[in-house]
Amino acid sequence: AASVAWIKRNIPQSENGIVLIGHSAGAHLAALLALDGRYLHDKGVRQNSIIGMIGLAGPYAFEPEQYRRFRPIFATARPAELSQPVSHARGDAPPLLLLHGTDDRVVLPLHSQLLQERMNSEDGRVNRLELEGVDHFGIVLALSEPFAHLAPNLLPNIEAFIEDQI
Numbered sequence: 001a002a003s004v005a006w007i008k009r010n011i012p013q014s015e016n017g018i019v020l021i022g023h024s025a026g027a028h029l030a031a032l033l034a035l036d037g038r039y040l041h042d043k044g045v046r047q048n049s050i051i052g053m054i055g056l057a058g059p060y061a062f063e064p065e066q067y068r069r070f071r072p073i074f075a076t077a078r079p080a081e082l083s084q085p086v087s088h089a090r091g092d093a094p095p096l097l098l099l100h101g102t103d104d105r106v107v108l109p110l111h112s113q114l115l116q117e118r119m120n121s122e123d124g125r126v127n128r129l130e131l132e133g134v135d136h137f138g139i140v141l142a143l144s145e146p147f148a149h150l151a152p153n154l155l156p157n158i159e160a161f162i163e164d165q166i
């Protein structure tokens, strides 16, 4: 939220809106910013400043207490489900593009599916694309020219989504 506030203060083009993008935990955070207005509000940023969110392999619906290494990070989140983007799905949220590799074993594609289902149940705008044979790290590698062949439709889908929002 502090980064979004900085952008709003320092980048004049941001007046047209901001599309967030993140991978893994970054996708989790981007989704929280897009769906839960408390974070932006606390930094003096209007929720409608976010005009879209692109999530790459995000853990949108997990139970932190089930994972020992995450317990300290989410210990203060009460109730714990408030730390999960899926709990904040709403119909008036900015459009979401959820991208996930079918071979991701770090963050299962089920997370994107669950967020899509929840957004759909709230009449939200969401599009989910599964990338065949792509794993958790391959989805990020595919953003760079030398590895674009890992997911040839990744960048075109991201570019089209951004164009649709701006």
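Residue numbers (this note's numbering): 1 to 166. We put the CB at the ideal spot given by N, CA and C, even for glycine. Since the model is a prediction, treat every value here as computed from it, not as a measurement.
**Study point:** Own chain residues within Cβ distance below 8 Å of residue 39, not counting five before or after
**Key:** Translated into the one-based positions of the sequence shown, residue 39 becomes position 39. Cβ neighbours of residue 39 beyond the five flanking positions: 1, 32, 33.
Review point. Can you check whether the CB of residue 146 is closer than 8 Å to the CB of residue 107?
Key: Locating residue 107 in the sequence shown gives position 107, counting from the first residue. Locating residue 146 in the sequence shown gives position 146, counting from the first residue. Contact flag unset, no.
Check your understanding: Exposed or buried, residue 67, counting other C-beta atoms within 10 Å across all chains shown (16 or more means buried)?
Key -> For the purposes of this step, residue 67 is taken as the residue at position 67 of the sequence shown. Low confidence applies here, because residue 67 scores a pLDDT of 48, under 50, leaving its location unreliable and the question unanswered by this model.
Practice item. Between the Cα of residue 27 and those of 44, 35, 56, 4, spot the shortest distance and give me the residue it belongs to. Key: Locating residue 27 in the sequence shown gives position 27, where the first residue counts as 1. Answer by Cα proximity: 56.
Check your understanding: How is the beta strand (DSSP E) around residue 96 delimited, first residue to last?
Key -> Counting from one through the sequence shown, the residue named residue 96 turns up at place 96. Its beta strand (DSSP E) spans residues 96-101.
Exercise for review: Using three-state DSSP, classify residue 153 as helix, strand or coil.
Suggested key: What you label residue 153 is simply residue 153 of the sequence shown in a count that begins at 1. Looking at residue 153 - three-state DSSP - the assignment turns out to be coil, as it is neither helix nor strand.
Check your understanding: How is the beta strand (DSSP E) around residue 166 delimited, first residue to last?
Key -> Counted from its first residue, the sequence shown places residue 166 at position 166. That residue, residue 166, is in no beta strand (DSSP E); it is neither H nor E in DSSP.
Review point. Would the beta-carbon of residue 18 fall within 8 Å of that of residue 50?
Key: As a first step, residue 18 is located in the sequence shown; it is residue number 18 there, counting from the start. As a first step, residue 50 is located in the sequence shown; it is residue number 50 there, counting from the start. Their beta carbons are under 8 Å apart, which means residue 18 touches residue 50 by this criterion.
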